[in-house]
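The opening position of the sequence shown corresponds to residue 8 in my numbering, with each subsequent residue numbered one higher. Quick reminder that beta carbons are idealized off the backbone N, C-alpha and C, glycines included. Note that the coordinates shown come from a computational prediction; the quantities given were computed from them, not determined experimentally.
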Amino acid sequence: MDKRLSWIFLAASAAFFLFMVGLTGYRIEAVRRSNAAQAEQRIGELSLRVSQLRDSAGSFEAEPFKEGMRGAFNGETRLLLISIHSEADGLLYLVARNRSYLRETDEISADWRGTPAYQYSPGYEVLASRPLAAGGSDGEPAQASIDALFVIMGREDLYPVLRDDLYLFLAFLLVCGVFMLIVTGVQQDEADRRQAPAVPSFEPAARAASAAPSESLRGSKAGGWAQRTLVSPASGLVWAEHLEPRLRAEIERAASGDQDISFASLRIDQEGAQLPRARASIARLLRETFPSHDLLFETGGDSFAVILTDTDIDQAVKSLEAMRKKAAGTAVDGKARTLSIGVSSRGGRLVEEKTLLEEGKVAREKASREGGNRVIGFRADPARYRHTLSS
Numbered sequence: 008m009d010k011r012l013s014w015i016f017l018a019a020s021a022a023f024f025l026f027m028v029g030l031t032g033y034r035i036e037a038v039r040r041s042n043a044a045q046a047e048q049r050i051g052e053l054s055l056r057v058s059q060l061r062d063s064a065g066s067f068e069a070e071p072f073k074e075g076m077r078g079a080f081n082g083e084t085r086l087l088l089i090s091i092h093s094e095a096d097g098l099l100y101l102v103a104r105n106r107s108y109l110r111e112t113d114e115i116s117a118d119w120r121g122t123p124a125y126q127y128s129p130g131y132e133v134l135a136s137r138p139l140a141a142g143g144s145d146g147e148p149a150q151a152s153i154d155a156l157f158v159i160m161g162r163e164d165l166y167p168v169l170r171d172d173l174y175l176f177l178a179f180l181l182v183c184g185v186f187m188l189i190v191t192g193v194q195q196d197e198a199d200r201r202q203a204p205a206v207p208s209f210e211p212a213a214r215a216a217s218a219a220p221s222e223s224l225r226g227s228k229a230g231g232w233a234q235r236t237l238v239s240p241a242s243g244l245v246w247a248e249h250l251e252p253r254l255r256a257e258i259e260r261a262a263s264g265d266q267d268i269s270f271a272s273l274r275i276d277q278e279g280a281q282l283p284r285a286r287a288s289i290a291r292l293l294r295e296t297f298p299s300h301d302l303l304f305e306t307g308g309d310s311f312a313v314i315l316t317d318t319d320i321d322q323a324v325k326s327l328e329a330m331r332k333k334a335a336g337t338a339v340d341g342k343a344r345t346l347s348i349g350v351s352s353r354g355g356r357l358v359e360e361k362t363l364l365e366e367g368k369v370a371r372e373k374a375s376r377e378g379g380n381r382v383i384g385f386r387a388d389p390a391r392y393r394h395t396l397s398s
């Protein structure tokens, strides 16, 4: 990927991870708050249950009270500790899953009085307290309190959140993989389109020739001419000698990728004194119409050629017809400039460059015979072509 796409990908990845962290924190906090609210509700139910058991059993020390409390404790999976105590009588009842929750275990005895202290993890566990109703029998404390320690964030709460995060992360990786495959494929296609196997790009040479035509050809010390550039300084188009090798290379490339390719041969209808100005005007129009300047050729004093890659004959005729109309719509020295254009295409055939050149020339001559200022496509007979191959 280029730098711009890399930065976009990094920014999207960072935004996704920040979203995941925020979503995870929000969901954990929502679960914690919900469980804390449920714990507050359960302590109210437990205090009522304790009062009922005490009144029916008559004492916190009675066996029916203890059995009822053990059943209530075992039925609450989130309950870690139940403590009943009073200031006057100390610890009246205690049941816990682990005595380490009670901080003063070694100090509590039959003579101990006060309020127990607990050790737990705030945020994951919560301590809820409620006063109990006054005792109903003689000898029982007038006022007692119940403490209950609840789990509000355990493994069973984290697993669903982390599982959903994992699924979301896997989906993100899948999307990233598909995105990278698409980008890589597009960039490879662009690289293949821009590659010129037989002849290097002519566009820089065309610009240099247009900017400084006097320097496009260099004289040798002996007075002869050095090898000329790839582009004509007069028209800014590629010289005719490069047409056949370039067309051959483009046909081979199209055949390897099972693509179509079209070739157009153009001739100016004007003659005489108008021809030089019309020639320069048509060359400029070709450069404006077709972006690939290295596929535009000067083939004579009044003729040109265009190679249209990945283009079938219908698309080529349509593009050239639009250019012909544009040329005919503007005048040179008060007269319209018109073109006779012939188009040929590979059309799925195993053809050589000479075949497309000849077919384009035949179609162009037919356009000239029919009065000029028109585009004619050379359409090969598929049945005849298959018969020739089979023979």
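C-beta contact flag for residue i and residue j at 8 Å
i	j	result
A374	G336	no
R331	V382	yes
R85	F157	yes
I275	R353	no
I3	S128	This structure gives no information on residue 3, because the portion of the chain shown stretches from 8 to 398.
L244	F297	no
I35	V168	yes
A155	L88	yes
D317	Q266	yes
L140	S41	It is Ala, not Leu, that sits at residue 140 in the sequence shown. In this structure, S41 does not lie closer than 8 Å to A140 by Cβ.
R386	I289	no
A271	L315	yes
M160	Y125	no
L250	A323	no
R106	E83	no
D164	V38	yes
L53	F72	no
Unbroken beta strand (DSSP E) run spanning residue i, endpoints
i	result
I159	Counting along the chain, I159 falls outside any beta strand (DSSP E), and DSSP gives it neither H nor E.
S107	Unbroken run through S107: none, as it is neither H nor E.
S239	It is not in any beta strand (DSSP E) - S239 carries neither H nor E in the DSSP assignment.
P138	E132 to P138
G384	R381 to G384
S351	L346 to S352
L88	L86 to S93
Limits of the unbroken alpha helix (DSSP H) element including residue i
i	result
E74	E70 to N81
E47	K10 to A64
E365	E360 to R376
Beta-carbon separation (whole angstroms), residue i vs residue j, contact threshold 8 Å
i	j	result
S347	A287	In fact, because the Cβ distance is near 18 Å, the residues do not count as touching under 8 Å.
A43	V133	5 Å
R284	E360	Rounded, the Cβ-Cβ distance is 32 Å, inconsistent with contact.
A334	R344	5 Å
V190	L17	No, V190 and L17 are not in contact; Cβ-Cβ is about 14 Å, not under 8 Å.
L282	D301	The Cβ separation is near 25 Å, so there is no contact.
E366	S351	4 Å
Q) Counting pairs of beta carbons, one from the segment 83-97 and one from the segment 170-183, are three or more of them closer than 8 Å? A) Judged by pairs of C-beta atoms under 8 Å, the segment 83-97 does not touch the segment 170-183, as fewer than three such pairs exist.
Q | Three or more C-beta pairs below 8 Å linking the segment 95-108 and the segment 74-82 | A | yes
**Q.** Sufficient close CB pairs (3 or more, under 8 Å) joining the segment 55-74 to the segment 181-198
**A.** Result no; under three Cβ-Cβ pairs closer than 8 Å.
Q) What are the complete beta strand (DSSP E) segments, minimum 3 residues, inside the segment 248-331? A) 268-275, 303-305 and 310-316
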